[in-house]
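Asks:
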Amino acid sequence: MFKKIFKRNQNNNNNIVDEKNSLSFINRYYIFLKAHYFFLYATFGSLLPILNITLRNRGLYDVEILYMNIIVPFIIFLTNPLLGLFVDRLRRFRLIFNIILILSAIFLSIMFYLPSLKSYSIDGHIYKSDTMEYSLSFCSNKQFA
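Set out below in structure tokens:
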């Protein structure tokens, strides 16, 4: 229904497109690739803000989450051309594309089920005493005592 139906005119061998049964703006060859990128970016748009909150609840500090968010685009920038060379050499586009898609879905879902990290903290307060000296009082966990 979505493909163009060509009728060959026997008199002059011109292609005539049947306008009723065709949608000229849909190219069926690229429909799966377009759907993949649509769902990929929709998933990234909805999961990345939740991922930062989840990682913070798992015990990672803001600086660690910041480093992860900074490093990921550079890793993607470096690995995409290398992966393109690899796929061009093997000529197995769909197989490698599906393997990478499945692996990325598995690793992203595993991140939500990782256990939380134990965090050790020392609370310290500096205060000024009556003799004009500064004192440090702190309370540590039993691990440090």
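Mapping of the sequence shown onto UniProt numbering: position 52 corresponds to residue 52, and the numbering continues sequentially without gaps. For glycine and all other residues, C-beta sits at the position ideal for the given N, C-alpha and C. In this text the structure is predicted, and so the values were computed from the model without any measurement.
Please classify Leu55: is it buried, with 16 or more other beta-carbons within 10 angstroms of its beta-carbon, or exposed?
Replies: buried
Asks: Starting from the C-beta of Asp130, find all residues in its chain whose C-beta is less than 8 Å away, skip the five residues before and the five after it, and write them out in chain order.
Replies: none
Asks: Quick check: what's the CA-CA separation for Asp88 versus Phe97?
Replies: Roughly 12 Å between the two C-alpha positions.
Asks: Where does Lys118 fall in DSSP's three states?
Replies: The DSSP-derived three-state label of Lys118 is coil.
Asks: Count the other C-beta atoms from every protein chain shown that fall within 10 angstroms of the C-beta of Leu95, then say buried if there are 16 or more, exposed otherwise.
Replies: Flag for Leu95 reads exposed.
Asks: Please check the pair Leu117 and Leu60, which I expect to be a contact at CB under 8 Å, by giving their CB distance rounded to whole angstroms.
Replies: Yes, they are in contact, since the Cβ atoms of Leu117 and Leu60 sit about 7 Å apart, within 8 Å.
Asks: How many Å lie between Ile126 and Arg58 at the Cα?
Replies: 30 Å
Asks: Which value, in whole angstroms, describes the spacing of the CA atoms of Ile100 and Pro49?
Replies: Using only the alpha carbons, I get a separation of about 23 Å.
Asks: If you measure from the CB of Leu90, is any heavy atom of the ligand PLP nearer than 7 Å?
Replies: Annotation note on the ligand PLP: not contained in the displayed structure, which lists no ligands.
Asks: Compute the beta-carbon to beta-carbon distance between Leu40 and Met111, rounded to the nearest angstrom, for a pair I have assumed lies under 8 Å.
Replies: Not really, about 17 Å apart at Cβ, beyond 8 Å.
Asks: Give the secondary structure of Ile50 by DSSP, where H, G and I count as helix, E and B as strand, and everything else as coil.
Replies: Of the three classes helix, strand and coil, the one that applies to Ile50 here is helix, per DSSP.
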